[in-house]
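These protein sequences, in sequence, are chains G and B. Mind the numbering: the first sequence is residues 477 to 687 in my numbering, read in order. Mind the numbering: the second sequence is residues 477 to 687 in my numbering, read in order. We treat Cβ as the ideally placed atom computed from N, Cα and C, and that holds for glycine. Keep in mind that this is a model prediction, so the values were computed, not measured. One structure is given here, and the rest of the page talks about it.
2 protein chains.
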Amino acid sequence: MSDKREHILVVAEELFGEKGFDGTSVRDIAQKAGVNLAMISYYFGSKEKLLEALIVYRAEYAYGILEELNKDQSLSPWDKIDRLVDFYVDRILNNLRFHNIMYQEATAVRSEDIKSRIIAIKMRNLEQITKIITDGQQKKLFRQVDIPLTVGTIMGTISSYTQSRSYGCNILAIREDSDDDAYRAKLGPRLKVHLKQLLRAHLDIRNETTK
Amino acid sequence: MSDKREHILVVAEELFGEKGFDGTSVRDIAQKAGVNLAMISYYFGSKEKLLEALIVYRAEYAYGILEELNKDQSLSPWDKIDRLVDFYVDRILNNLRFHNIMYQEATAVRSEDIKSRIIAIKMRNLEQITKIITDGQQKKLFRQVDIPLTVGTIMGTISSYTQSRSYGCNILAIREDSDDDAYRAKLGPRLKVHLKQLLRAHLDIRNETTK
DNA sequence: ATAAATCAATTAAACGTTTGTTTAATTCAA
DNA sequence: TTGAATTAAACAAACGTTTAATTGATTTAT
Numbered sequence: 477m478s479d480k481r482e483h484i485l486v487v488a489e490e491l492f493g494e495k496g497f498d499g500t501s502v503r504d505i506a507q508k509a510g511v512n513l514a515m516i517s518y519y520f521g522s523k524e525k526l527l528e529a530l531i532v533y534r535a536e537y538a539y540g541i542l543e544e545l546n547k548d549q550s551l552s553p554w555d556k557i558d559r560l561v562d563f564y565v566d567r568i569l570n571n572l573r574f575h576n577i578m579y580q581e582a583t584a585v586r587s588e589d590i591k592s593r594i595i596a597i598k599m600r601n602l603e604q605i606t607k608i609i610t611d612g613q614q615k616k617l618f619r620q621v622d623i624p625l626t627v628g629t630i631m632g633t634i635s636s637y638t639q640s641r642s643y644g645c646n647i648l649a650i651r652e653d654s655d656d657d658a659y660r661a662k663l664g665p666r667l668k669v670h671l672k673q674l675l676r677a678h679l680d681i682r683n684e685t686t687k
Numbered sequence: 477m478s479d480k481r482e483h484i485l486v487v488a489e490e491l492f493g494e495k496g497f498d499g500t501s502v503r504d505i506a507q508k509a510g511v512n513l514a515m516i517s518y519y520f521g522s523k524e525k526l527l528e529a530l531i532v533y534r535a536e537y538a539y540g541i542l543e544e545l546n547k548d549q550s551l552s553p554w555d556k557i558d559r560l561v562d563f564y565v566d567r568i569l570n571n572l573r574f575h576n577i578m579y580q581e582a583t584a585v586r587s588e589d590i591k592s593r594i595i596a597i598k599m600r601n602l603e604q605i606t607k608i609i610t611d612g613q614q615k616k617l618f619r620q621v622d623i624p625l626t627v628g629t630i631m632g633t634i635s636s637y638t639q640s641r642s643y644g645c646n647i648l649a650i651r652e653d654s655d656d657d658a659y660r661a662k663l664g665p666r667l668k669v670h671l672k673q674l675l676r677a678h679l680d681i682r683n684e685t686t687k
């Protein structure tokens, strides 16, 4: 992929993530990327195609990591859960803007193409996590749980603190004007600890009939 | 509040929830509400003020319910957690569109007024839930947990299945063309069961040193 | 080796819509 | 007759996209 095309994608990602798809004009993107307005239609065809290219570009970027984790025979199901949490927290926190775009677009009624791409990505993730949990169940380590909703819990917990920086800063006692790196550094470890503790209690077969 | 003004708010809520704030034009709202275009500026001043009025309108609607739950001395902390889950699942599922708006606007960089209103609402909710959990901890029923992140888990789990109907239908084996009521009827009970099971394991002091 | 031809890259300008908002005239009930 | 409610029309600005002209480097022909 040419440098200029890639640069436009990166700039578009920032703007879409901050101001949303409709809130960002093609002129905004062109100006921030330092290219002529017409270049965006020239490269991508349209504003919507640009968004689609962005989603493909980012989704492919991390492809295969979950599959590798799953194939690793040396790890116990508990280890895999921990790795899974580390992976998702790092991945989402390192791609805050892209994650916001995905979230916004999944809600929007814009394009069926884009929506089905997002659903496909999520389904792929769900499959991999399902494998990990069912493996743990077969080995009598995990109890019966609602797997799709458990995945929703993992993603949702992280998302609830990535959607609004201001809120996160208020809750977590982080300075409002801290940058992305500082926010990540504070939030990341805390999210990991919480999610691991939560999932340990939730999945442990010894908590089966607690109550 | 006059009938017509309220009707405009309801229509705006639907459209904002479906297509986003920027994706909805004032003409869309006027047409669907069956009023003249100019009436929206006449009633609300501007499109942005309309959104702010909508948020205030809906936030006040459910005000006080959490406070009442908290004050109820006849309920144990475990009972309150269950009621809390029921309340949030019902509330969010019954106001799917409004919830999407809140979510979108919390991310957007649009208006500081709107963003601070949303943060205030969330902070108020967090306070009430914090009271319930600390009460349970003092009574030696709950263990130490990260309370703000636990709240994020509750809200995030629900949100992860309200943001995209198509995804939810795929995961939960619900027909794609089912209406809001059918979706709610399938998802609501399942969310409640999952969250109660999850929180029981997560909060139970007997699971303190599980591992 | 030099001139001509070719074609993708880039540009400024203009396209027709759609946007949110305002105006000024009219309706209608008090 | 007063004043709020309602209307159609117009406003300037911003939107995504297209056009047609120009640049600049690479290939072809002499």
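1) Can you find a C-beta in chain G that's less than 7 angstroms from the C-beta of Q639/B?
2) Taking 7 angstroms as the threshold (C-beta atoms), are T629/G and T633/B in contact?
3) Using the Cβ count rule (16 or more neighbours within 10 Å means buried), how would you classify L491/B?
4) Based on the DSSP secondary-structure assignment, which residues constitute the bridge partners of D656/B?
5) Inspect the beta-carbon positions of V561/B and K672/B and report whether they are closer than 7 angstroms.
6) Can you tell me which of the three DSSP states F618/G falls into?
7) Under 7 angstroms between C-beta atoms, does H575/B make it to chain G?
8) Check the Cβ of E494/B against every Cβ in chain G and list those closer than 7 angstroms, keeping chain order.
9) Put D548/G into one of helix, strand or coil per three-state DSSP.
10) Which of the three DSSP states, helix, strand or coil, is assigned to D498/B?
11) Just to confirm my understanding: we take F563/G, look at its own chain, exclude 5 residues before and 5 after, and list those with CB closer than 8 angstroms. What are they?
12) Closer than 9 angstroms by beta-carbon distance: list the chain G residues that pair up with N432/B, in chain order.
13) Report the neighbours of P665/G on chain B: residues whose CB is nearer than 8 angstroms to its CB, in chain order.
14) Please decide whether P624/G counts as near chain B, where near means a Cβ-Cβ distance under 7 angstroms.
15) CB K556/G to CB I605/G, shorter than 7 angstroms?
16) Mind reading off the beta-carbon distance from I650/B to L602/G? Whole number of angstroms is fine, and I expect it under 8 angstroms.
17) Please determine, among M515/G, N683/G, A677/G and G664/G, the residue with the shortest C-alpha to C-alpha distance to L572/G.
18) For V502/G and D479/G, I'd like the C-alpha separation in whole angstroms.
19) To the nearest angstrom, how far is the alpha carbon of E482/B from that of A584/B?
20) Can you name the residues of chain G whose CB is closer than 8 angstroms to the CB of N601/B?
21) In chain order, what residues of the segment 643-663 of chain G put their CB closer than 8 angstroms to some CB of chain B?
22) Quick one: any contact between the segment 584-601 of chain G and the segment 587-603 of chain B, if contact means 3 or more CB pairs under 8 angstroms?
23) So if DSSP puts D479/B in a beta bridge, which residue, or which two residues, is it bridged to?
24) Considering only residues of the same chain and omitting the five flanking positions on each side of K668/B, which have a CB-CB separation below 7 angstroms?
25) Check the Cβ of G628/G against every Cβ in chain B and list those closer than 7 angstroms, keeping chain order.
26) Exposed or buried, what is Q580/G when buried is set at 16 or more other beta-carbons lying within 10 Å of its beta-carbon?
27) Just to make sure I have the definition right: I need the residues of chain B whose C-beta is within less than 8 angstroms of the C-beta of Y564/G. Which are they?
28) Which residues, in chain order, does the segment 588-599 of chain G contribute to contact with chain B at a C-beta distance below 7 angstroms?
29) Which residue comes first and which comes last in the alpha helix (DSSP H) that contains D558/G?
30) Taking all protein chains shown into account, do 16 or more other C-beta atoms lie within 10 angstroms of the C-beta of G521/G, making it buried, or fewer, making it exposed?
31) Are the beta-carbon atoms of E489/G and L530/G separated by less than 7 angstroms?
32) Answer with yes or no whether the minimum CB distance from D558/B to chain G is below 7 angstroms.
33) Taking 6 angstroms as the limit between beta carbons, can you name the residues of its chain near C645/G, skipping five residues before and five after?
34) Tell me which residues of the segment 482-513 of chain G have at least one Cβ-Cβ distance to chain B shorter than 7 angstroms, keeping chain order.
35) Just mark K518/B as buried or exposed, buried being the case when its beta carbon has 16 or more other beta carbons within 10 Å.
So, to answer that:
1) Cβ-Cβ to chain G under 7 angstroms: yes for Q639/B.
2) Remark: C-beta atoms of T633/B and T629/G approach each other more closely than 7 angstroms.
3) Label assigned to L491/B: buried.
4) The partner list for D656/B (beta bridge, DSSP) is empty, contrary to what the question assumes.
5) Contact check for V561/B against K672/B passes: the beta carbons are separated by less than 7 angstroms.
6) F618/G falls in the strand class under three-state DSSP.
7) By this cut-off, H575/B is not an interface position.
8) What E494/B touches in chain G: V585.
9) Three-state result, D548/G: coil.
10) Three-state result, D498/B: coil.
11) Annotation for F563/G: I541, L542 and L545 place their beta carbon closer than 8 angstroms to its own, counting only its chain and skipping 5 residues before and after.
12) In the structure displayed, chain B extends from 477 to 687; residue 432/B sits before or after that span and is not available.
13) Neighbourhood of P665/G in chain B, by CB distance below 8 angstroms: empty, with the nearest CB roughly 11 angstroms away.
14) Yes, P624/G counts as interfacial toward chain B.
15) Cβ atoms of K556/G and I605/G: not closer than 7 angstroms.
16) Not really, about 15 angstroms apart at Cβ, beyond 8 angstroms.
17) Of the listed residues, the one whose Cα sits closest to L572/G is G664/G.
18) When rounded, the distance between both Cα atoms is 19 angstroms.
19) One C-alpha to the other measures close to 25 angstroms.
20) From the beta-carbon of N601/B, no residue of chain G is found nearer than 8 angstroms; the closest lies around 11 angstroms away.
21) Result list: Y643, N646, I647 and L648.
22) With a cut-off of 8 angstroms on Cβ pairs, the segment 584-601 of chain G is not in contact with the segment 587-603 of chain B, counting fewer than three such pairs.
23) D479/B pairs with nothing; no bridge assigned.
24) For K668/B, where only same-chain residues beyond five positions count, the Cβ hits under 7 angstroms are V561, D562 and V565.
25) Chain-order list of chain B residues neighbouring G628/G: T633, S636 and Y637, by C-beta distance under 7 angstroms.
26) Buried, since its Cβ has 16 or more Cβ neighbours within 10 Å.
27) Going along chain B, no residue has its Cβ under 8 angstroms from Y564/G, so there is no contact; the nearest lies around 12 angstroms.
28) Correct list: K591, I595, K598 and M599.
29) It spans P553 to N570 - the alpha helix (DSSP H) in which D558/G sits, taken as one unbroken run.
30) Result: exposed.
31) Result yes, Cβ atoms of E489/G and L530/G sit closer than 7 angstroms.
32) For D558/B, the answer is no, since every Cβ of chain G falls outside 7 angstroms of its Cβ.
33) If we look at C645/G and ignore the five residues flanking it on each side, its Cβ neighbours are E652.
34) Only E494, K495, G496, D498 and G499 from the segment 482-513 of chain G bring a Cβ to less than 7 angstroms from some Cβ of chain B.
35) Note on residue identity: the sequence assigns Tyr, not Lys, to residue 518/B. Exposed: under 16 other Cβ atoms inside 10 Å.
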